[in-house]
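Encoded as structure tokens, the structure appears first; notes follow it.
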DNA sequence: CTACATGCAAACCGTTTGCACCCTA
DNA sequence: TAGGGTGCAAACGGTTTGCATGTAG
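Chains as they are written, first to last, in my numbering: chain A, 14 to 154; chain B, 14 to 154.
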């Protein structure tokens, strides 16, 4: 597993350090986007010696290289990150337990083209989040 | 015009103050969502005596009463506000000149239902932003 | 006259930065 | 051994808060 991270860092001209590998591993294992301070807490729990600013700098570097990606539009106030398993995606967020589910399909390709025609904009991308209650939280309301 | 703001505040149990009326007027006149510090600057330009924290508190109260609405997911780092001219809407943002266009139609109603069936979530709302270049910025690229 | 609004200054919180030291390639 | 990476502490920017004062209803 670590070999993958090592490769990925090397291929992108980033040096291999125990801190970066640990960050990648946390993001990889985590099944949903996670905030910077949660990454930091998980690193500490694993007894990995690291500074918060190093987390920020490592994350920034890896995001630039598209190894991970940033979600700065989800929850007000702070950024979330996830390992880059696929390209375009959307998010389904439970308003109860705050669980974030990543959606890999996109219902908007056609709509983008229509909108381009209507507005004369050259549309390049979009961000979509859906909010609601997961089956479990919905039951307990 | 001021009568409308006065009514709106009264109906929502908020006191009429020159500061609140001035904020509402700026948001009403502005044709696109605007940041808090820009509201503050415009107030100062109009020689209205107000403190930044009053802007924040007034805006918060008016947002709670649904007189205005908050966009905290658009541009990283700070919140934007707009006068509540209609309910549900989306945003088209020019990556060149940063102009924000509000879109009042929604292509996702059907999709929401499909997703509800597929995930068993109770979906309540969504946020959508599209990014691209407006005709003018596209020309100059 | 009383509860809500405001101004001011200080705190807050996520994030960034400058600088000295460290360590990977 | 050179240049990127790290730790630490301090700064930053948007936002919030405590408290005293002011004012709309």
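Even glycine gets a Cβ: it sits at the ideal position worked out from N, Cα and C.
Chain B residues whose Cβ lies nearer than 7 Å to that of residue i
i             : result
residue 85/A  : 89
residue 132/A : 105
residue 59/A  : Result: empty, since nearest Cβ-Cβ is about 29 Å, beyond 7 Å.
Helix, strand or coil at residue i [DSSP, three-state]
i             : result
residue 135/B : strand
residue 57/A  : helix
residue 152/B : helix
residue 95/B  : strand
residue 141/A : strand
residue 117/B : coil
Straight-line Cα distance separating residue j from residue i
i             : j             : result
residue 56/B  : residue 62/B  : 8 Å
residue 46/A  : residue 40/A  : 8 Å
residue 18/A  : residue 31/A  : 11 Å
residue 134/A : residue 103/B : 15 Å
residue 94/B  : residue 112/B : 14 Å
residue 52/B  : residue 38/A  : 43 Å
residue 96/A  : residue 153/B : 35 Å
residue 26/A  : residue 65/B  : 45 Å
residue 115/B : residue 109/B : 17 Å
residue 131/A : residue 79/B  : 30 Å
residue 151/B : residue 143/B : 15 Å
residue 100/B : residue 60/A  : 49 Å
residue 107/A : residue 58/B  : 42 Å
residue 69/A  : residue 24/A  : 21 Å
residue 43/B  : residue 50/B  : 14 Å
residue 98/B  : residue 105/B : 17 Å
residue 119/A : residue 123/B : 13 Å
Within chain B, the residues that residue i reaches when beta carbons sit closer than 8 Å
i             : result
residue 100/A : By Cβ distance, chain B contributes nothing, its closest Cβ being about 15 Å from residue 100/A, past 8 Å.
residue 96/A  : Correct list: empty, because the minimum Cβ distance to chain B is about 21 Å.
residue 46/A  : Per Cβ cutoff of 8 Å: no residues; residue 46/A is ~14 Å from chain B at best.
residue 124/A : 120
residue 23/A  : Going along chain B, no residue has its Cβ under 8 Å from residue 23/A, so there is no contact; the nearest lies around 30 Å.
Close Cβ partners of residue i (< 8 Å) along its chain, the five nearest in sequence each way excluded
i             : result
residue 121/B : 139 and 141
residue 76/B  : 82, 83 and 94
residue 34/B  : 15, 18, 19 and 22
residue 28/B  : 22
residue 67/A  : 32
The beta strand (DSSP E) enclosing residue i, as first and last residue numbers
i             : result
residue 162/A : Nothing about residue 162/A can be read from this structure; chain A reaches only from 14 to 154.
residue 17/B  : Element bounds for residue 17/B: not the beta strand (DSSP E) but the alpha helix (DSSP H), 15 to 24.
residue 107/B : 103 to 107
For residue i, the first and last residue of its enclosing alpha helix (DSSP H)
i            : result
residue 40/B : 31 to 42
residue 72/B : 65 to 77
Interface partners of residue i on chain A, CB under 9 Å
i             : result
residue 136/B : 105, 143, 144, 145 and 146
residue 151/B : 133, 134 and 135
Cβ-based neighbour list, residue i, same chain, cut-off 7 Å, excluding 5 preceding and 5 following
i             : result
residue 85/A  : 92
residue 136/A : 125, 128 and 129
residue 74/B  : 27
residue 71/B  : 32, 33 and 36
Beta-carbon neighbours of residue i, restricted to chain A and to distances below 8 Å
i             : result
residue 31/B  : Going along chain A, no residue has its Cβ under 8 Å from residue 31/B, so there is no contact; the nearest lies around 29 Å.
residue 162/B : No information on residue 162/B is available, as it lies outside the stretch 14 to 154 that chain B covers here.
residue 79/B  : Simply none; closest approach about 17 Å.
Residue i Cβ short of 8 Å to the ligand COA heavy atom set
i            : result
residue 54/A : The model depicted lacks the ligand COA and carries no ligand whatsoever.
Own chain partners of residue i with C-beta closer than 6 Å, once the 5 adjacent residues on each side are dropped
i            : result
residue 48/B : 91 and 93
Closer than 9 Å at the beta carbon, the chain B residues around residue i
i            : result
residue 40/A : What residue 40/A touches in chain B: nothing, since even the nearest Cβ is about 20 Å away.
residue 55/A : The premise fails here: residue 55/A is roughly 24 Å from chain B at the closest Cβ pair, so nothing lies under 9 Å.
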